[in-house]
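Student: Before we start, here is the structure in question, set down as C-alpha cells.
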Amino acid sequence: MDFQVCIFSYNRGPFLDNCARSVERMAPNWPMKIYDDGSDDPETLAVCEKYEGAVLNPRTDEGRYGGLHVNMQRALDEAEAEFVFFTQDDHQMVRPVDEHDVLYIRDYFDHFPEAALLDPTFLRGHRRRSICRQLRIWPDFPGYYQVINERWKRRSVTMYYTDVVVAHVGRLRAAKWTFLTGETANADKAREYFPRMTRMAHPFSMNVPEVPVYRGKTKTLGVSLAERLVGRGVKPYRTMTPDEVARMRGRDLTVYPFAEDFLATEVPVQRPFVFNSMNVRWYTCGLHKLELLLRR
C-alpha cells in the first residue's frame, strides 16, 4: 500500500461526512480510516458507523486539541502505507488526486531525503499580504517554503509542521517521532528533526469555510449569535473541474495557490474565506472573548 488517509473527528458529524465523502470521490484508491475522539454527538457516531474500521476512542484531554494528537500517534503506529495523509473533519479534498500527484509526492521525498512532511493545502487569502512576503519557491523543486521574520516571536507552525499533512511514515518512525499535544509543540519538535516543510505547488485539500466552533457543553453569547447569523451547516467547496485543475497546474509558480483564486463554494460565503464562523462578524468574536474574560 502506497497511500492511505486518516481522518480525525470530534462531534462534527456533517463535516466528517463531507470530508469522508470527498476522500471517497477524490482518492478512491487510498484506503481511509476515521479516528474519533470520543464523540457523543449522534450524527458523528452515525457517520463513523458507515465506515468500516472507524476507531472510536475515549476523549483523553479536555484542552483545545482534545485527544487529536494521541489519535494521530495511534494512526502513525497502525499505518500500513508508505505515505499517510492526516486530515481533519473540517477539511475537504477539492479535486481528484491522480498519477501527477503521486509522482509529485514521491519526487518531493526523493529530492529532500531528510524531509518527512508535505503540506497539501491551499493558502489562506485573509493572510495574503504577509504570505506573499514570506513565501519562497525552491530553486530546484516546484514547491514553496516559508521564511518568517522571527525577530519578535519564534514561529514554527506552517514553516515546519501542520496537523493536516502528507507524512512519510518510514521517516517519522526512523526518527522515533511521537506526537506532542498541540500544533505549536509539534512544530517546534519538527524544526529540530526535519528540514523546512514544503507546500505543494498544486494543492488538493482545504479547510471548509465558516465552521462552527462550538463542540462543548456551554455556549457563550458570541457563539450562539454566530450560529444564528452564519448557521451550523457545511459550506463545501465545489469539486474543481479538469479545466480548473489544468489551469492551476499550468500557471507560473509566482502565482501563489490562494484558495480564493482557485476554489468556489457550493453556497455563498464571505471572501476572503473565514474558517471560524465566529469570526465572520467582528462583534460575535468580541462578545465571545469578553464573556470568557469575565468568566475567569
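Residue numbers for the sequence shown follow this note's numbering, beginning at 588 and rising by one.
Note that the Cβ used here is the ideal one computed from N, Cα and C, for glycine as well.
Opposite Q679 in the DSSP bridges: which residues?
Tutor: What you label residue 679 is simply residue 92 of the sequence shown in a count that begins at 1. DSSP output for Q679 lists M793 as bridge partner(s).
Student: Exposed or buried, D727, counting other C-beta atoms within 10 Å across all chains shown (16 or more means buried)?
Tutor: As a first step, residue 727 must be located in the sequence shown, where it is residue number 140. D727 comes out exposed.
Student: Can you check which of these residues, Y731, F781, E686 and T771, is closest to W764 by C-alpha distance?
Tutor: Here the question's residue 764 lines up with position 177 in the sequence shown. Of the candidates Y731, F781, E686 and T771, the one whose C-alpha sits nearest the C-alpha of W764 is F781.
Student: Helix, strand or coil for S596? Go by DSSP, reduced to three states.
Tutor: Within the sequence shown, numbered from 1, the residue matching residue 596 stands at position 9. Strand.
Student: What span of residues does the alpha helix (DSSP H) with V634 cover, start to end?
Tutor: To locate residue 634, count along the sequence shown from 1; it is residue 47. V634 -> alpha helix (DSSP H) spans P629 to K637.
Student: Nearest to G653 by CA position, among H678, W725, R608 and Y597, is which residue?
Tutor: As a position in the sequence shown, residue 653 is number 66, starting the count at 1. Checked all of H678, W725, R608 and Y597; the closest Cα to G653 is Y597.
Student: Expressed to the nearest angstrom, what Euclidean distance is found between the alpha-carbon atoms of P859 and E797?
Tutor: Numbered from 1 along the sequence shown, position 272 holds the residue referred to as residue 859. Numbered from 1 along the sequence shown, position 210 holds the residue referred to as residue 797. Their backbone Cα atoms lie some 11 Å apart in a straight line.
Student: Using 8 Å as the Cβ pair cut-off and three pairs as the minimum, do the region 752–769 and the region 715–731 touch?
Tutor: Segments in contact, no.
Student: Excluding the 5 residues preceding and the 5 following F709 in the sequence, name in chain order all residues of the same chain whose CB lies nearer than 7 Å to its CB.
Tutor: Position 122 of the sequence shown, counting from 1, holds the residue named residue 709. These residues qualify, in order along the chain: P790, M793, P844, F845, A846, F849 and L850.
Student: In three-state DSSP terms, what is V642?
Tutor: By one-based count along the sequence shown, residue 642 stands at place 55. The answer is strand: DSSP assigns V642 an E or B state.
Student: Would T674 and I735 be called neighbours here (beta carbons separated by less than 8 Å)?
Tutor: Start at 1 with the first residue of the sequence shown, and residue 674 comes out as number 87. Start at 1 with the first residue of the sequence shown, and residue 735 comes out as number 148. In this structure, I735 does not lie closer than 8 Å to T674 by Cβ.
Student: Please classify L704: is it buried, with 16 or more other beta-carbons within 10 angstroms of its beta-carbon, or exposed?
Tutor: Start at 1 with the first residue of the sequence shown, and residue 704 comes out as number 117. Looking at its Cβ environment, which holds 16 or more other Cβ atoms inside 10 Å, L704 is buried.
Student: Kindly confirm or deny that the region 818–835 and the region 628–639 touch, where touching means at least three C-beta pairs closer than 8 Å.
Tutor: Output reads no: the region 628–639 does not touch the region 818–835.
Student: What's the call for Y695, buried or exposed, on a 16-neighbour Cβ count within 10 Å?
Tutor: As a position in the sequence shown, residue 695 is number 108, starting the count at 1. By the neighbour-count rule (16 or more Cβ atoms within 10 Å), Y695 is buried.
Student: Under three-state DSSP, which class holds Y622?
Tutor: Indexing the sequence shown from 1 puts residue 622 at position 35. Strand at Y622.
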